[in-house]
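Below is one structure; the comments refer to it alone.
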Ligand SMILES: O=C(O)CCC(=O)C(=O)O
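Residue numbers (my numbering): 25 to 286.
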């Protein structure tokens, strides 16, 4: 059990990640799996692989997980009390039998920095909550410590087929040292955290087990949207999940059924 204290925050500030944090108890983990599995059954594994995006504003069980007190406590320690949920997505790497892919292609996540995607100025911290046990064999997340201090790196189109990132971006290999990568293995119900600037990715699932994670991005209310005329952004699913928002840089799209104060 990790203690959320000054050393916890110091490690995150210096390295850009934290891993092995207990969040859900076994009953809550089973509930999460049951809810996700029901979705899978209903819409098919091809659609639960990467397309369950921002469903936290539609389904109470999703937002309940994304506002779990044990999830928010480390985020509050890092980002402060006033927090907005920016974005969420289930990312599932299935076995080849479950979701067949083109011959020779294996789904993976190319090395990238999340901050490229958000259009947000300010620190973004991502939670990777394990729905299933995640390890090296089924393609857990890999991070390169301290690369969140390298600024924003060039991203090109990925050359190898199978990159799950919707924009198919990757950082050219000469811009990072893959030998320094640290795996973030997790038991179902645990989470890792990563900074929006850290270089990270994940290898294919070469096991006979599903590897499903729920990734949720949080920002402090002091963050603000970057104005880019060439790429205007909308944030239709931001939700205030802790504290107060005195800045109002993002609208609060809390569903009417949700009140985190209760
Ligand atoms: O699920 C993965 O393997 C990678 C997730 C990721 O890139 C992210 O959460 O930013």
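C-beta atoms are modelled at their ideal positions from N, C-alpha and C, and glycine is treated no differently.
Do residue 48 and residue 153 have their CB atoms nearer than 9 Å?
-> yes
Is it the case that the CB of residue 346 approaches a heavy atom of ligand 1 more closely than 8 Å?
-> An answer regarding residue 346 cannot be provided, because it is not within the stretch 25 to 286 covered by the chain.
Give the straight-line distance between the Cα atoms of residue 99 and residue 190, rounded to the nearest whole angstrom.
-> 26 Å
Beta-carbon separation of residue 138 and residue 237 under 9 Å?
-> no
Relative to ligand 1, what is the chain-ordered list of residues with a Cβ closer than 6 Å to any of its non-hydrogen atoms?
-> 115, 133, 138, 150, 152, 165, 224, 226, 237, 239
Specify the secondary structure class of residue 65 as computed by DSSP and reduced to three states.
-> helix
Is it true that the CB of residue 208 sits closer than 9 Å to the CB of residue 41?
-> Yes.
Take residue 244 and list the residues in its own chain whose beta-carbon comes closer than 8 Å to its own, dropping the five residues that flank it on each side.
-> 103, 104, 106, 107, 108, 146, 147
With respect to the beta strand (DSSP E) encompassing residue 165, which residues constitute its N-terminal and C-terminal limits?
-> 165–168
Scan the stretch 149–217 and note each continuous beta strand (DSSP E) run of 3 residues or more that stays entirely inside, going in chain order.
-> 165–168
In whole angstroms, what is the alpha-carbon distance linking residue 82 and residue 257?
-> Approximately 21 Å, taken between the alpha carbons.
Are the beta-carbon atoms belonging to residue 225 and residue 151 less than 9 Å from one another?
-> no
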